[in-house]
Structures are given as structure tokens and as C-alpha cells.
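To start, the structure under review is shown below, and the notes come after it.
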Amino acid sequence: MEFGDLIKGAEAEGKEKHVPVIEIDRGHRKGDVDIVRVIVGKQIPHPNTVEHHIAWIELYGVKKEGQVVDLGRAAFAAGYANPNARFQVPVAEFNAFCALAYCNIHGLWQNCIEME
Ligand SMILES: [Fe+2]
162 MEFGDLIKGA EAEGKEKHVP VIEIDRGHRK GDVDIVRVIV GKQIPHPNTV
212 EHHIAWIELY GVKKEGQVVD LGRAAFAAGY ANPNARFQVP VAEFNAFCAL
262 AYCNIHGLWQ NCIEME
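Residue 277, in our numbering, is where the sequence shown stops; the numbers in between run on with no holes.
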């Protein structure tokens with residue numbers, strides 16, 4: 162087994178939605194910041210109880226020369242905080258963003274988006 166075998170994507174999605182959705186909001190005016198938002202359960206909310214919840218989200222960026230940067234992690238209080246995290250990132254420096262989400266019952270889930 163390899164670590165990658167543990168990580169599931171959209172093809173493994175069942176009735177509950179675990180794949181982290183990545184949204185980019187580039188700053189439009191001078192002085193504005195770029196935001197990368199990562200959400201689990203955007204369309205259909207994932208359960209959020211002590212017994213079953215999304216415990217954390219991590220965001221990675223891939224730079225133009227291929228370097229992988231760990232951009233940050235958000236951890237959530239089960240039953241209180243929904244898995245919706247906002248990272249302030251200089252989007253233009255990256256070719257792609259990838260996110261990981263961990264459900265305490267259903268394991269690790271990933272998604273990536275490429276910038277054009
Ligand atoms: Fe789950």
C-alpha cells in the first residue's frame with residue numbers, strides 16, 4: 162500500500178459529499194488580496210457531529226517551477242465549526258492548488274484545480 166492509495170477523489174463520492182471544493186477570488190482593485198476558499202459540503206452539507214465530522218482541511222499550492230508549498234491548515238470543532246476555510250494567497254504565483262479534507266469516518270479526500 163502507498164499513501165496515495167488512502168486518498169479518495171470525486172470518483173469515490175457517494176451520497177455524502179467529502180471532496181473539498183476550491184474557489185479562487187482574485188483581488189480586483191489595487192490593494193485587494195487574493196483569496197482561496199476551501200469548502201466541504203458546498204452543495205450538500207456534510208454531517209457535523211462529534212460522531213461524524215470533517216476534522217480539518219489543508220491547502221497546497223504548486224508553483225510555476227513545480228515546487229509544492231503547504232499553504233495552511235484549518236481545524237474545526239466538531240458540532241460547531243463548518244468546514245469552510247479562507248486562505249489569503251498570492252494566486253498569480255501558483256499553477257495549481259490542491260486541498261485535502263479529513264472525515265473522521267470516511268477518511269482522506271482530495272481535489273486539485275489548475276490555473277490557466
Ligand atoms: Fe463523512
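All residues carry an ideal CB built from backbone N, CA and C; glycine is no exception.
Since the structure is predicted, the reported quantities are computational estimates derived from the model, not experimental observations.
- For the pair V230 and V211, the Cα-to-Cα distance works out to about 31 Å.
- Under the DSSP assignment, D186 falls in the beta strand (DSSP E) whose first and last residues are V182 to D186.
- With a threshold of 16 other beta carbon atoms within 10 Å, A238 falls short and is exposed.
- Beta-bridge partners assigned by DSSP to A257: V223 and E275.
- Closest by C-alpha distance to H189, out of K178, C259, Q204 and A253, is A253.
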